[in-house]
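A.B. asks: Got a structure here, written out as structure tokens. Questions coming.
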Amino acid sequence: MPRKKVKQLNWGAERRNAFIEFRVFWHGRINRADLIDTFGISLQQASLDLAGYADKWKRNLIYDKSQRAYVRGKAFKPRFITPSAEDYLAHLRAVDQGLVSQDQSWISVFPSYGATPTPTRGVAPETLRDVLAAIHALAALEITYQSMSRPEPSARWIEPHALAFDGFRWHARAFCQNDHVFKDFLLSRIVAIGAHGPATADLRTDADWHNEAVLEIGPHPELSPTQRRAIEMDYGMEEGKAQIPVRRALLFYALKRLGLDTDPSVRRPQDQQIVLINREAILGRPQAAEEQ
654 MPRKKVKQLN
664 WGAERRNAFI
674 EFRVFWHGRI
684 NRADLIDTFG
694 ISLQQASLDL
704 AGYADKWKRN
714 LIYDKSQRAY
724 VRGKAFKPRF
734 ITPSAEDYLA
744 HLRAVDQGLV
754 SQDQSWISVF
764 PSYGATPTPT
774 RGVAPETLRD
784 VLAAIHALAA
794 LEITYQSMSR
804 PEPSARWIEP
814 HALAFDGFRW
824 HARAFCQNDH
834 VFKDFLLSRI
844 VAIGAHGPAT
854 ADLRTDADWH
864 NEAVLEIGPH
874 PELSPTQRRA
884 IEMDYGMEEG
894 KAQIPVRRAL
904 LFYALKRLGL
914 DTDPSVRRPQ
924 DQQIVLINRE
934 AILGRPQAAE
944 EQ
């Protein structure tokens with residue numbers, strides 16, 4: 654819920670005005686109880702907030718006596734938020750996953766909602782704690798890591814400098830002292846953490862992390878015109894294409910998640926609905942290393 658800058662308001666008042674606009678935009682109405690329940694303010698302060706907002710932006714709020722609430726005006730134009738469907742749906746998912754409670758949410762009326770399950774990843778809090786400490790201190794960690802290229806866990810020294818999420822799993826982006834290369838290490842496969850030591854690499858030289866690739870996608874050309882138009886709307890495409898920036902270090906995961914890691918000719922157009930327009934340019938670049 655990004656806010657637009659409005660002068661001469663303290664943070665608390667600006668936050669409450671943003672909440673007023675959120676409720677009115679998404680739910681069409683707001684009353685004093687909404688502000689009281691969310692911010693724990695007095696009845697008098699809630700009345701002042703609503704009256705002050707309605708007085709300053711008269712076309713946004715209209716008092717409805719029958720509902721005993723303010724309702725959205727036909728000429729409503731938010732001043733403190735930029736409404737975003739993506740933000741609303743992300744917040745809805747956060748509530749569904751228990752990351753945010755309904756009491757903490759600005760959503761007042763929850764639609765019936767379901768989502769495909771996401772497997773819980775076994776990241777030990779102590780592992781994350783030590784990796785974060787190493788990132789902040791620019792330090793190296795001796796870890797025992799279970800890769801898929803070796804039957805047993807092995808010891809190695811890594812210098813983590815960032816976290817990365819591939820859509821399903823969390824990784825530590827790190828310089829591997831054993832192989833002298835920047836790699837991704839799955840947090841859930843770090844079996845143990847031992848000694849700490851000094852870092853040896855200049856993290857600015859992790860070119861794949863600090864540089865982006867731009868995926869240019871479009872509808873599969875063998876779809877019908879109306880099907881292609883539907884795909885364009887699905888992905889917010891303009892003139893038949895959309896651009897998706899991604900760190901080069903995460904390119905492998907992005908292509909895999911979007912189904913762009915295989916030749917589109919091996920799948921039906923209805924299954925492979927989007928194609929990578931700049932495929933040659935993207936796949937011609939070396940992809941980031943991952944400790945398997």
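If you read the sequence shown in the numbering used here, its first letter stands for residue 654, the second for the next number, and so on.
By construction, the Cβ of each residue, glycine as well, lies at the ideal position given by its N, Cα and C atoms.
Within the same chain, show all residues whose beta-carbon is closer than 6 Å to that of N931, passing over the 5 residues directly before and after it, in chain order.
C.D. replies: Within the same chain, E869 come within 6 Å of N931 by CB-CB distance, once the 5 residues on both sides are set aside.
A.B. asks: If I measure Cβ to Cβ from Y888 and keep anything under 8 Å in the same chain, skipping five residues before and after, which residues do I get?
C.D. replies: I870, A895, I927
A.B. asks: Nearest-angstrom Cα distance between F729 and S737?
C.D. replies: Approximately 15 Å between the Cα atoms of the pair.
A.B. asks: Are A793 and A787 closer than 8 Å when you measure CB to CB?
C.D. replies: yes
A.B. asks: Below 7 Å, is the gap between the Cβ of T797 and the nearest heavy atom of the ligand GTP?
C.D. replies: In the structure shown, the ligand GTP is absent, as is every other ligand, since no ligand is present at all.
A.B. asks: When you compare the CB positions of F828 and I811, do they come within less than 8 Å of one another, or not?
C.D. replies: yes
A.B. asks: Measuring CB atoms only, is the segment 852 to 861 touching the segment 828 to 838, in the sense that at least three cross pairs come out at less than 8 Å?
C.D. replies: yes
A.B. asks: Leaving out five residues before and five after V724 in sequence, what residues of the same chain have Cβ atoms less than 7 Å from its Cβ?
C.D. replies: G681, R682, I715, D717
A.B. asks: Just the Cα atoms here: how many angstroms apart are A934 and Q698?
C.D. replies: 58 Å
A.B. asks: DSSP on T771, reduced to helix/strand/coil?
C.D. replies: coil
A.B. asks: Name the DSSP bridge partner or partners of L696?
C.D. replies: In the DSSP output, where bridge partners are listed per residue, L696 has none listed.
A.B. asks: When the Cα of L904 is compared with those of D924, G937, N713, I734, which residue comes out closest?
C.D. replies: G937
A.B. asks: Which residues in the same chain as F818 place their Cβ atom closer than 8 Å to its Cβ, once the five residues preceding and following it in sequence are excluded?
C.D. replies: Excluding sequence neighbours, F818 sits near H824.
A.B. asks: When the Cα atoms are used, what is the spatial distance from R656 to A777?
C.D. replies: Unreliable positioning characterises R656 in this predicted model, as indicated by a pLDDT of 49, which lies under 50. The coordinate reading is nonetheless provided below. Near 35 Å, if we compare the C-alpha coordinates of A777 and R656.
A.B. asks: From F821 to T771, what distance separates their C-alpha atoms?
C.D. replies: 7 Å
A.B. asks: Counting C-beta neighbours from all protein chains within 10 Å, is the total for L840 16 or more, i.e. buried, or is it exposed?
C.D. replies: buried
A.B. asks: Can you tell which of F838, Y741, R900, A704 has the C-alpha that lies nearest to the C-alpha of W862?
C.D. replies: R900
A.B. asks: In the structure shown, what three-state DSSP assignment does L688 receive?
C.D. replies: Shown here, L688 sits in a helix according to DSSP, grouped into three states.
A.B. asks: Tell me which residue opens and which closes the alpha helix (DSSP H) that R881 is part of.
C.D. replies: 878 to 887
A.B. asks: May I ask you to report which of helix, strand or coil DSSP gives A786?
C.D. replies: helix
A.B. asks: Mind checking whether I760 and A671 have CB atoms under 8 Å apart?
C.D. replies: no
A.B. asks: Can you look up K658 in the DSSP assignment and give me helix, strand or coil?
C.D. replies: Low confidence applies here, because K658 scores a pLDDT of 48, under 50, leaving its location unreliable; read the following figure in that light. Three-state DSSP puts K658 in coil, outside helix and strand.
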